[in-house]
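Accompanying notes for the structure given below.
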Amino acid sequence: MTTDAAEKKMDKGFDVFSFLAKFAPLIFLLVLMAVFAFLQPRFFSSVNLFNVMRQVSITGLLAIGMTFVILTAGIDLSVGSLLAFCGLVAAAVAKGGMQDRFTVGDAAIGYGWPLALLAAIAVGLVGGYLQGVAITRLKVPAFVVTLGGMSVFRGAALLFAAGGPISGFQPDFAWWGQGRIWTVPVPVIIFLVTAVLAHIVLRYTRYGRQVYAVGGNPEAARLAGLNVNQIICSVYVIMGFFAGLGSFVLAARLNSAEAVAGTGYELTVIASVVIGGTSLFGGAGSIFGTVIGAVLIGVLLNGLVLMNVSSYIQQIIIGIIIVLAVAFDTFAKSRRRKA
Amino acid sequence: MSAAQPQATLLTMTGISKNFPGVRALENVDFEVGGAEVHAFLGENGAGKSTLLKILSGAQAPDSGTIEFGGQHVKFLSPQDAQRAGIVTIYQEFTLAPDMTIAENIFIGREPGSRLFISRSQLEADSKRLMDRIGLDRSPRALVRDLSVAEQQMVEIARALSMKSRLIVMDEPTSALSRTEVGKLFDIVRALKRDGISTIFVTHRLEEVFEISDRYTVLRDGHHVGAGRVSETRLDGIIKLMVGRELALLAPPETSYATDEVALAVENISRRRKSTDASAIELHNVSLKVHKGEILGIAGLVGAGRTEMARAIFGADKFDSGTIIVDGKAVRIASPRDAIELGIGLVPEDRKLQALFLALAIRTNISIASQHSISSLGVFISGKKEEALVEEYRKLLNIRMSSGDQLVGNLSGGNQQKVVLARWLALRPKILIVDEPTRGIDVGAKVEVHNLLFQMAASGIAIIVISSELPEILALSDRIVTMREGHITGEIDRAQATQTKLMTLMTLTSEQAA
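First to last, the protein sequences are chains A and B. This note's numbering numbers the first residue of the first sequence as 1159 and each following residue consecutively. This note's numbering numbers the first residue of the second sequence as 3 and each following residue consecutively.
Below, the structure is given as structure tokens:
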């Protein structure tokens, strides 16, 4: 039968383009590293490489959450603001209050890092949930809801931190941002471990499958009996979880939390996910790609710094790369449709 | 009928052919319309009417054939070409901008005024004149959003007149109108005729053909099968032309697996048109029953409400009133989830838009609705169980694929449809609704899908089949229910059913058919 022949033809045969599309971010990363190593020998020192990874780990954590969101064809612009707010809450809990403003607990001795971490994550979950509800129940586009959230959480953070940054934590708190296990910085370990967990969730659980299905074809997902609204809401909650976790690690690393933390992170985070090959149209992408994308941006920024390129030009380059990555995705999609 | 005598031929299409990949849509079709004539253009779903109209409006190019209009040889490369020549097509889905005024819509892209500025006063005066001519009693400044469907249609007609058209093509202009609105529309059409403007209109309501048209043309399977003066023909003659000879294309099955046990009963389901969604099809007190092991066919033309009924039963769309009874108990179905829990499945009309995840693997597409049965610890997906599930249904349905990891988008239409059927079979449904089971798939796969449906019926599943192809309905069903415009218009046992009988029930109101 002719259809059989056609199907066989589609399966067999090595498609160079689809191979490239799959590994493009990784290939690009390796090329970029080779170029920087050639131009600036300091790039390949272990100190510098760990430095890159540590810088990447915060936006990388957020990018893991953002991957869930973008897989459902959603977007979250509020990550940077939510991160700042969560960080302040964590810091206030750890310090037992805020200078001259209020105290938490007895004599303002603070509650230590475990409760600070829980508080940061709890605030992140609630922030994400509220946005998820607005998107699914009020039917406001995610872009608008999270644009509003971006302003709301930043305002909340500024209000909360009217007394200025909260700094100076106990060493066991700071260890989460500055410590090392063997020689590996703790934030890098947190980033990679959560990446592996997120990968397992997306690939091997029922929930992960449902995220891809809802992103790929929401109407088909609904007719297959999935609770589409619930799944869409959940990805913003997951994003909130990562904002909370990220804020904790960031505060620990800087030994301080402030209201302007994470400004502009949404750009880097969304760029990491998109450059990593996750489609803004939803339904296609992976955590592996996001990790590559996050590292790629980190390497690029680090290399440019080493070469004394101004931070203004860095912004221009990042912006152009995002547009090119999406253009590539659109192109790959139209090609797939033709096949 | 009006007294004006049809003048010389206005439009002659000769030997029009058009192929789409794998489908011959039109073959050597001739089509002729006179001046100042109302021409009814008829045919079953998929007969090729839309394709011919698209060619006439310049939206598609024919593979071969010629068009003469007003005595001149013409070639339309775009809808603008056709409009400039004087042919304007009004589609079922209006092309109006809802947040602009009537006047702006009529003259969109052709606003009067200087090169830079629009003359609002002239725009509104010109519009008012056109609106008066067709009896649209509204301010030219009214927003289109605030108009009724009938009024919006009049704006479309006014726009056509503003383009000085000599031929107006209307695709099912009456399907969304009430009885009085239809009367008003026909008055306009008669007035246009007196002004020498011809109209082609497509309709599924055959009684309208006799009410308004001078001549008719019937297409069937992409062929021109008949044309003539309406005054010289009778209703049953046209119906015969539409369905062709009574062919037993696919022999009906000898055995029936139908039992007496009612699996699903639907009582008085109604769904009214919402002001927010004027094109939505209504349902009027739809009631039916399907028994265990029975295949119930639903026949009806486009817009009859077949799909809407199916979606209402499945919880995909809301309905206003009525009861659904499963296994003798009245149930509440608010979402597809609820329906699935009750053992109801729906294979939707449009595979690619409503059922498949084209960018995901075959295994996900098969298992997505029954994840609970292949999970370990209730959370993870067991690769082994999933593999076994996919393999079971690959064998059972003879799905031709290389592995479960293959993307479903790379399969042929027939195999894609089998993947969708596998998804529902894996849920072991008690009731399965199949909307257009074999649309767009080749003949071999068609027979396979039909045999599968028989097997499912034999295993005791109650099946509702919706199909636009009458031979398919006749080949599959134990019993057939016909629908027209949201009403059930008849019910026939397989033994008594013929295409002509069905077409009569599908095109006439129940009183007329009786």
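For every residue, glycine included, the Cβ atom is placed at its ideal position computed from N, Cα and C. In this text, all values refer to a predicted model and were calculated from it rather than measured experimentally.
Sub-8 Å separation of residue i and residue j beta-carbons
| i | j | result |
| --- | --- | --- |
| Ala84(B) | Leu221(B) | no |
| Gly228(B) | Tyr259(B) | no |
| Thr201(B) | Val40(B) | yes |
| Phe1311(A) | Leu1381(A) | no |
| Leu1403(A) | Ile1324(A) | no |
| Asn1413(A) | Leu358(B) | no |
| Ile1228(A) | Ala1353(A) | no |
| Arg140(B) | Glu153(B) | yes |
| Gly1373(A) | Gly1290(A) | no |
| Thr509(B) | His226(B) | no |
| Leu44(B) | Ile18(B) | no |
CB contact check: residue i to chain B, cutoff 8 Å
| i | result |
| --- | --- |
| Leu1464(A) | no |
| Leu1235(A) | no |
| Ala1265(A) | Interpretation of Ala1265(A) is limited by its pLDDT of 48, a score under 50 that renders its predicted location unreliable; no figure is taken from the coordinates. |
| Asp1162(A) | Legend: pLDDT at Asp1162(A) = 43, less than 50; position of this residue unreliable, no value from coordinates given. |
| Gly1441(A) | yes |
| Asn1206(A) | no |
| Ala1371(A) | yes |
| Glu1424(A) | no |
| Glu1377(A) | yes |
| Asn1209(A) | no |
| Asn1413(A) | no |
Residue-level contact to chain A via CB, residue i, 8 Å cutoff
| i | result |
| --- | --- |
| Leu358(B) | yes |
| Leu355(B) | yes |
| Ala371(B) | yes |
| Phe321(B) | no |
| Leu454(B) | no |
| Ser116(B) | no |
| Thr366(B) | yes |
| Ala318(B) | yes |
| Pro350(B) | yes |
| Ser167(B) | no |
| Leu13(B) | no |
Identity of the residue in the options nearest residue i by Cα
| i | options | result |
| --- | --- | --- |
| Gly198(B) | Leu58(B), Gly88(B), Gly246(B) | Gly88(B) |
| Asp101(B) | Ile368(B), Ser164(B), Ser167(B), Asp148(B) | Asp148(B) |
| Lys331(B) | Ser384(B), Leu358(B), Met172(B), Val264(B) | Val264(B) |
| Ser414(B) | Asn453(B), Ile364(B), Ser384(B) | Ile364(B) |
| Gly380(B) | Pro1323(A), Gly1232(A), Thr1363(A) | Thr1363(A) |
| Ala1483(A) | Ala1300(A), Gly1434(A), Phe1196(A), Tyr1370(A) | Gly1434(A) |
| Gly1456(A) | Lys1180(A), Met1191(A), Phe1177(A), Phe1181(A) | Met1191(A) |
| His452(B) | Gly299(B), Thr261(B), Ile120(B), Arg168(B) | Gly299(B) |
| Gly307(B) | Leu179(B), Leu454(B), Glu487(B) | Glu487(B) |
| Val1281(A) | Leu1235(A), Thr1294(A), Met1397(A) | Met1397(A) |
| Val1431(A) | Val1395(A), Val1193(A), Ile1480(A), Arg1411(A) | Ile1480(A) |
| Gln1198(A) | Val1467(A), Asn1385(A), Leu1360(A) | Val1467(A) |
| Asp437(B) | Leu243(B), Ile468(B), Asn412(B), Arg181(B) | Ile468(B) |
Closer than 9 Å at the beta carbon, the chain A residues around residue i
| i | result |
| --- | --- |
| Ser1(B) | With chain B represented from 3 up to 516, any question about residue 1(B) goes unanswered, as that position is not in the structure. |
| Val436(B) | Residues of chain A passing the Cβ test: none, with the nearest at roughly 13 Å. |
Interface residues of chain B facing residue i [CB-CB closer than 9 Å]
| i | result |
| --- | --- |
| Leu1459(A) | By Cβ distance, chain B contributes nothing, its closest Cβ being about 32 Å from Leu1459(A), past 9 Å. |
Neighbouring residues, chain B, relative to residue i (Cβ below 7 Å)
| i | result |
| --- | --- |
| Arg1380(A) | Pro338 |
Proximal chain A residues relative to residue i, where beta-carbon distance stays under 8 Å
| i | result |
| --- | --- |
| Arg425(B) | Ala1382 |
| Val381(B) | Thr1363, Arg1364, Tyr1365 |
| Ala361(B) | Gly1374, Gly1441, Ala1442, Arg1494 |
Contact list for residue i against chain E, beta-carbon separation under 7 Å
| i | result |
| --- | --- |
| Ile342(B) | No chain E is present in this structure, whose protein chains are A and B. |
Cross-chain neighbours of residue i in chain A, by beta carbon under 7 Å
| i | result |
| --- | --- |
| Ser377(B) | Arg1364 |
Legend entry - Continuous alpha helix (DSSP H) assignments of at least 4 residues falling wholly in the segment 1225-1312 of chain A: 1237-1253, 1270-1294
Inset, instruction - With a floor of 4 residues, list each alpha helix (DSSP H) that falls wholly inside the segment 91-136 of chain B, ordered by position along the chain. - result: 104-108, 122-136
Inset, instruction - Go through the segment 214-248 of chain B residue by residue and report every complete run of the beta strand (DSSP E) that reaches 3 residues or more, in order. - result: 217-222, 225-231
Legend entry - Runs of alpha helix (DSSP H) wholly within the segment 133-165 of chain B (minimum 4 residues, chain order): 151-164
Legend entry - 4-residue-minimum alpha helix (DSSP H) runs that sit fully inside the segment 326-413 of chain B, ordered along the chain: 338-343, 364-369, 385-399
Inset, instruction - Mind listing, in chain order, the continuous beta strand (DSSP E) runs of no fewer than 3 residues lying wholly within the segment 8-89 of chain B? - result: 11-22, 25-36, 40-44, 66-71, 74-76
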